[in-house]
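Residue numbers (the numbering used here): 54 to 132.
Idealized CB from N, CA, C, for every residue including glycine.
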Amino acid sequence: MDPQIATYDMLSKLCCICLENLQVNRRFNRWPCPSRHEFHFDCMLNILRVGNKCPLFRHPLEPANSPGIETIQLTILHC
54 MDPQIATYDM LSKLCCICLE NLQVNRRFNR WPCPSRHEFH FDCMLNILRV
104 GNKCPLFRHP LEPANSPGIE TIQLTILHC
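Next up, the structure:
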């Protein structure tokens, strides 16, 4: 579940975790639950530090879908 980069057509979409708009050229992702909730990548990392479930529907995130250690390390280094 590697991050994607938001585009201009996504400006009206909200992060399901912090409820702020997605921003152009910023990382976002979709939770692998049936509703495919969208969120800022950093918000997702904060949720994963607490648990492995969708914060809205409690759908578990399978370990195979978790971001790779390289992705997490790069994110932490760039904070």
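Which value, in whole angstroms, describes the spacing of the CA atoms of I70 and M97? As a first step, residue 70 must be located in the sequence shown, where it is residue number 17. As a first step, residue 97 must be located in the sequence shown, where it is residue number 44. Each residue's alpha carbon lies about 8 Å from the other.
Range covered by the alpha helix (DSSP H) that runs through N99: As a first step, residue 99 must be located in the sequence shown, where it is residue number 46. F94 to V103 is the span of the alpha helix (DSSP H), which, as asked, contains N99.
N74 and K66 closer than 9 Å at C-beta: Working through the sequence shown from its first residue, we reach residue 74 at position 21. Working through the sequence shown from its first residue, we reach residue 66 at position 13. For N74 and K66, yes; Cβs fall inside 9 Å.
What is the rounded straight-line gap between the Cα of N82 and the Cα of L101? As a first step, residue 82 must be located in the sequence shown, where it is residue number 29. As a first step, residue 101 must be located in the sequence shown, where it is residue number 48. Computed Cα separation, rounded: 13 Å.
When we look at the beta-carbon of R80 and count the other beta-carbons within 10 Å, is it buried (16 or more) or exposed? To locate residue 80, count along the sequence shown from 1; it is residue 27. Burial call: buried.
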